[in-house]
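**Q**
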Amino acid sequence: MKTKLLTGLLFALAAPAFAGETVTVYRALGCVCCDNYVDYLKSNGFDVTTIDDAQFQDRAIAAGVPKEGLGCHLAMIDGYVVSGLVPVEIINRLIADKPEITGITLPGMPGNAPGMSDAKTGTLKVYAFAPTGVTVYSNE
5 MKTKLLTGLL FALAAPAFAG ETVTVYRALG CVCCDNYVDY LKSNGFDVTT IDDAQFQDRA
65 IAAGVPKEGL GCHLAMIDGY VVSGLVPVEI INRLIADKPE ITGITLPGMP GNAPGMSDAK
125 TGTLKVYAFA PTGVTVYSNE
């Protein structure tokens, strides 16, 4: 009985917090890091639809992403906008905490972010944005 309970607890802790959550990713045509990032999201339990969109940056700006905060693609998840190669643990926190923001962004294409490397390494600064402004959401 204890073994079964412990196994269930370990499985629950290891599983992504929001496995099965639907994500729509708008990406630049032929972007390999975007393909890698989509694979990363899928491997972490997200249900991902990918849409090739040569105008994804215009879509991102229209969705509220600051020009300085543009990433290499745009994702829509649980009513939030996620721009760039944001690690899953930060997306899970966003969905769990449900802050009153439009979304989060990891600007540019950092070499240590998922999609550019096999997994997040080092520190990544992710910003929150809303009509009221931009703040640091995560610096880990």
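Residue numbering for the sequence shown follows the working numbering, beginning at 5 and increasing consecutively.
C-beta: ideal position from N, C-alpha, C; glycine also.
Whose C-alpha, out of A32, G49 and D82, is nearest the C-alpha of Q59?
**A** The residue with the shortest Cα to Cα distance from Q59 is A32.
**Q** Closer than 8 Å by C-beta to R63: which residues in its own chain qualify, once you throw out the five before and the five after it? Chain order, please.
**A** Excluding positions up to five away in sequence, the list reads Y30, D57 and L78.
**Q** Assess contact between the stretch 40–56 and the stretch 98–105, defined as three or more Cβ pairs (one per stretch) separated by less than 8 Å. Is contact present?
**A** Cβ pair count under 8 Å is below three, so no.
**Q** Taking the C-alpha atoms as reference points, what is the distance between T127 and M80?
**A** Answer to the nearest angstrom: the Cα atoms are 24 Å apart.
**Q** Suppose only complete runs of 4+ residues qualify. What are the alpha helix (DSSP H) ranges in the stretch 56–138, listed by chain order?
**A** Fully enclosed alpha helix (DSSP H) runs of 4 or longer: 60–66 and 92–101.
**Q** Closer than 6 Å by C-beta to A132: which residues in its own chain qualify, once you throw out the five before and the five after it? Chain order, please.
**A** Taken in chain order, the residues that qualify are I105, I108, T139 and Y141.
**Q** According to DSSP, what are the bridge partners of V140?
**A** For V140, which the question treats as bridged, DSSP gives the partners Y131.
**Q** Nearest CA to the CA of A117: which residue from V90, G75 and L74?
**A** Ranking the options by Cα distance to A117, first place goes to V90.
**Q** Once you ignore the five residues that flank K124 on each side, which residues in its own chain have a CB closer than 7 Å to its CB?
**A** So the list reads P91, N116, A117 and P118, once near-sequence residues are dropped.
**Q** In the DSSP assignment, find the unbroken alpha helix (DSSP H) run with L45 in it and report its ends.
**A** Note, L45: alpha helix (DSSP H), V36 to S47.
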